[in-house]
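The listed protein sequences derive, respectively, from chains A and B.
If you're matching positions, the first sequence starts at 1 in UniProt numbering and goes up one per residue.
If you're matching positions, the second sequence starts at 1 in UniProt numbering and goes up one per residue.
Quick notes on the structure that follows.
There are 2 protein chains.
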Amino acid sequence: MIKDSHTHHISQQFNAELEEVRSHLLEMGGLVEKQVNDAVTALIEADSGLAQRVREVDDRINQMERNIDEECLRILARRQPAASDLRLIISISKSVIDLERIGDESTKIARRAIQLCEEGESPRGYVEVRHISDQVSKMVRDALDSFARFDADLALSVAQYDKNIDREYKTALRELVTYMMEDPRSISRVLNVIWVLRSLERIGDHARNISELVIYLVRGTDVRHLGLKRMQEEVKGLTAERINVLDTPDDK
Amino acid sequence: MIKDSHTHHISQQFNAELEEVRSHLLEMGGLVEKQVNDAVTALIEADSGLAQRVREVDDRINQMERNIDEECLRILARRQPAASDLRLIISISKSVIDLERIGDESTKIARRAIQLCEEGESPRGYVEVRHISDQVSKMVRDALDSFARFDADLALSVAQYDKNIDREYKTALRELVTYMMEDPRSISRVLNVIWVLRSLERIGDHARNISELVIYLVRGTDVRHLGLKRMQEEVKGLTAERINVLDTPDDK
Numbered sequence: 001m002i003k004d005s006h007t008h009h010i011s012q013q014f015n016a017e018l019e020e021v022r023s024h025l026l027e028m029g030g031l032v033e034k035q036v037n038d039a040v041t042a043l044i045e046a047d048s049g050l051a052q053r054v055r056e057v058d059d060r061i062n063q064m065e066r067n068i069d070e071e072c073l074r075i076l077a078r079r080q081p082a083a084s085d086l087r088l089i090i091s092i093s094k095s096v097i098d099l100e101r102i103g104d105e106s107t108k109i110a111r112r113a114i115q116l117c118e119e120g121e122s123p124r125g126y127v128e129v130r131h132i133s134d135q136v137s138k139m140v141r142d143a144l145d146s147f148a149r150f151d152a153d154l155a156l157s158v159a160q161y162d163k164n165i166d167r168e169y170k171t172a173l174r175e176l177v178t179y180m181m182e183d184p185r186s187i188s189r190v191l192n193v194i195w196v197l198r199s200l201e202r203i204g205d206h207a208r209n210i211s212e213l214v215i216y217l218v219r220g221t222d223v224r225h226l227g228l229k230r231m232q233e234e235v236k237g238l239t240a241e242r243i244n245v246l247d248t249p250d251d252k
Numbered sequence: 001m002i003k004d005s006h007t008h009h010i011s012q013q014f015n016a017e018l019e020e021v022r023s024h025l026l027e028m029g030g031l032v033e034k035q036v037n038d039a040v041t042a043l044i045e046a047d048s049g050l051a052q053r054v055r056e057v058d059d060r061i062n063q064m065e066r067n068i069d070e071e072c073l074r075i076l077a078r079r080q081p082a083a084s085d086l087r088l089i090i091s092i093s094k095s096v097i098d099l100e101r102i103g104d105e106s107t108k109i110a111r112r113a114i115q116l117c118e119e120g121e122s123p124r125g126y127v128e129v130r131h132i133s134d135q136v137s138k139m140v141r142d143a144l145d146s147f148a149r150f151d152a153d154l155a156l157s158v159a160q161y162d163k164n165i166d167r168e169y170k171t172a173l174r175e176l177v178t179y180m181m182e183d184p185r186s187i188s189r190v191l192n193v194i195w196v197l198r199s200l201e202r203i204g205d206h207a208r209n210i211s212e213l214v215i216y217l218v219r220g221t222d223v224r225h226l227g228l229k230r231m232q233e234e235v236k237g238l239t240a241e242r243i244n245v246l247d248t249p250d251d252k
């Protein structure tokens, strides 16, 4: 659908601009994804140098957000996009907010990594951080891939995955609270890990937001707050409908 | 500036649409502000009925977000706004995200209120919740007022205020951690209060985001990530510049 409308564009320049801003978003996404992984590695390997670098890169991410926002604004003002082009610009300008916040959460994780280097390691929680961060990284990667490929089904799977993260986060939290009660002297260090888990859970939420924007972009339906079941119906249902349309020889 | 460009509009209908979407944003803001206050009251007065109502109202807030988004999209597609009108639409469509998240944090506070009703009260932290929530409520109110009145100075004061909240949040956290170490049996209940404080701190961040959007709307400058000092220079500096412009008899 998006590709079709693109081919009908009169202005090749407009196409190029849309492609450029989309590629800037994906570039920012790649950097943000790396920030998440670096922050977690810094924490697990107690590498305060790496944690410091994560904090420094955050400025670049903020700058990318500003640039992409400006590009979107320029396109809106000069090109007055409609239909799927307008949805693309809206999705990009919203996704950029989530990417920036994922960047923020990564710097928060990096700050905790530095604190744990200074105060000494937490006696528990690293297995859970590793496990949940692997899954959250995959969510961010898949959300960005779904944006790159206009893939609503992949986006749907990201949203579905978020439920797992929430469940595992709660289980990990319960275990860590129990541990703190047994060893109160560890409270401050264990809390650092709990904040990290919370940041990871948030990153999962942001990946889910991006995936919802991809579904909106590709399908034209706002699936936020719908619940997974109805979201699935929207994505799959509209797929079926589209197939019916393709079956019919006349247009409409 | 915004008023000037408005009076020059050819289309009265367009003006009416812009005013309408702005009033819908402020209406949503009013409801969200009430949600924050109700959630905190439910917590402090151990009123699980009120907490439950906060959770139920969240659906309405989500629906308001969708409606305002649709209005913005319709205006972008049909009216192709430029300059300050475009900035208004962008600011509204971004503020709505922050308002919805403030709504989310309120329901999280309500959920903790219900948990504390079930598990028994926390032995500490209510004074801090009351104190910080008073300030955060004021931030939300002022951010919305600054939007209603296109008041960049008031918006700046909200951003400045956010620093206080962050500091008080950290102090409260340190005290509560110390308390948990002294009375490990209270950990789970005190943690509920800590999550509430964290939600309040987030609400402050969102109010700050909205105030930055107001500055962008009124002044045309993107002040995010600038730091308070430069933000102040931008707001005050541009005020001075504007006064100079007004002093000069010829236009430009």
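In this text, a Cβ means the ideal position worked out from N, Cα and C, and glycines have one as well.
Computed from a predicted structure; not experimentally measured.
Practice task
Classify A/Q232 as helix, strand or coil using the three-state DSSP reduction.
Solution key: A/Q232: helix per DSSP, three-state reduction.
Practice task
Look at A/K96 and A/L25 and say whether their C-beta atoms are less than 8 Å apart.
Solution key: Sequence inspection shows Val at residue 96 of chain A; the Lys mentioned does not correspond to that position. Yes. Within cutoff.
Exercise for the section: Examine chain A for any beta-carbon lying closer than 8 Å to the beta-carbon of B/S188, and answer yes or no. Expected result: yes
Handout entry: 8 Å Cβ cutoff met for B/L217 and B/R101
Key = The Cβ atoms of B/L217 and B/R101 lie no closer than 8 Å to each other.
Practice task
Taking all protein chains shown into account, decide if A/N209 is buried (16 or more other Cβ within 10 angstroms of its Cβ) or exposed.
Solution key: Counting every other CB atom within 10 Å of its CB across the protein chains shown gives A/N209 a total of 16 or more, marking it as buried.
Handout entry: Buried/exposed call for B/A240, threshold 16 Cβ in 10 Å
Key = Legend: pLDDT at B/A240 = 49, less than 50; position of this residue unreliable, no value from coordinates given.
Practice task
Within the same chain, show all residues whose beta-carbon is closer than 6 Å to that of A/I187, passing over the 5 residues directly before and after it, in chain order.
Solution key: M180
Problem - Residue-level contact to chain A via CB, B/A77, 8 Å cutoff - result: yes
Exercise for the section: Closer than 7 Å by beta-carbon distance: list the chain B residues that pair up with A/H225, in chain order. Expected result: N62
Practice task
Starting from A/P184, find everything on chain B with Cβ-Cβ shorter than 9 Å and list it in chain order.
Solution key: M180, M181, E182, D183, P184, I187
Practice task
Could you confirm whether any beta carbon from chain A is found closer than 8 Å to the beta carbon of B/R66?
Solution key: Yes, contact with chain A.
Exercise for the section: For B/Q232, I'd like the list of residues in its chain whose CB is within less than 7 Å of its CB, leaving aside the five on either flank, ordered along the chain. Expected result: L156
Problem - alpha helix (DSSP H) segment containing A/R149, residue limits - result: 126-149
Problem - Below-8 Å beta-carbon distance, B/D222 vs any chain A residue - result: yes
Practice task
Keeping to the same chain, check which residues put their C-beta closer than 8 Å to that of A/I68; ignore five residues upstream and five downstream.
Solution key: V21, H24, L25, M28, I92, S93, V96
Handout entry: Coarse secondary structure for B/A82, derived from DSSP in three states
Key = Coil.
Exercise for the section: Report the rounded CA-to-CA distance for A/G110 versus A/R53, giving the unit in angstroms. Expected result: Residue identity differs from the one stated: residue 110 of chain A is Ala in this sequence, not Gly. For A/A110 and A/R53, the distance between alpha carbons rounds to 9 Å.
Exercise for the section: Would you mind stating whether A/S137 and A/N37 have Cβ atoms separated by less than 8 Å? Expected result: yes
Practice task
Within 10 angstroms of the Cβ of B/Q35, are there 16 or more other Cβ atoms? Answer buried if so, exposed if not.
Solution key: By the neighbour-count rule (16 or more Cβ atoms within 10 Å), B/Q35 is buried.
Problem - CB contact check: B/V177 to chain A, cutoff 8 Å - result: The beta carbon of B/V177 sits closer than 8 Å to some beta carbon of chain A.
Handout entry: Of the residues B/G103, B/R60, B/S11, B/E45, the one placed nearest B/R79, counting alpha carbons only
Key = Checking every option, the nearest Cα to that of B/R79 belongs to B/S11.
Exercise for the section: Please confirm whether A/V193 and A/V127 have their CB atoms less than 8 Å apart. Expected result: no
Problem - Whole alpha helix (DSSP H) elements within the segment 167-231 of chain A, 4-residue minimum - result: 187-219
Exercise for the section: Grab the span of the alpha helix (DSSP H) containing B/E27 for me, first residue to last. Expected result: 12-44
Handout entry: Within-8 Å CB hit, B/L213 to chain A
Key = Not an interface residue.
Handout entry: Simplified DSSP state of A/E100, which is helix, strand or coil
Key = Residue state, collapsed to three classes: helix.
Exercise for the section: Compare the C-beta of A/L191 with all C-beta atoms of chain B and state if any pair is closer than 8 Å. Expected result: yes
Problem - For A/P184 and A/L191, the rounded distance between their alpha carbons - result: 11 Å
Problem - Beta-carbon contacts of A/E119 that lie in its chain and below 8 Å, excluding the five residues immediately before and after - result: Excluding five sequence positions before and after A/E119, the CB atoms of its chain that fall closer than 8 Å to its own CB belong to S188, R189, N192, given in chain order.
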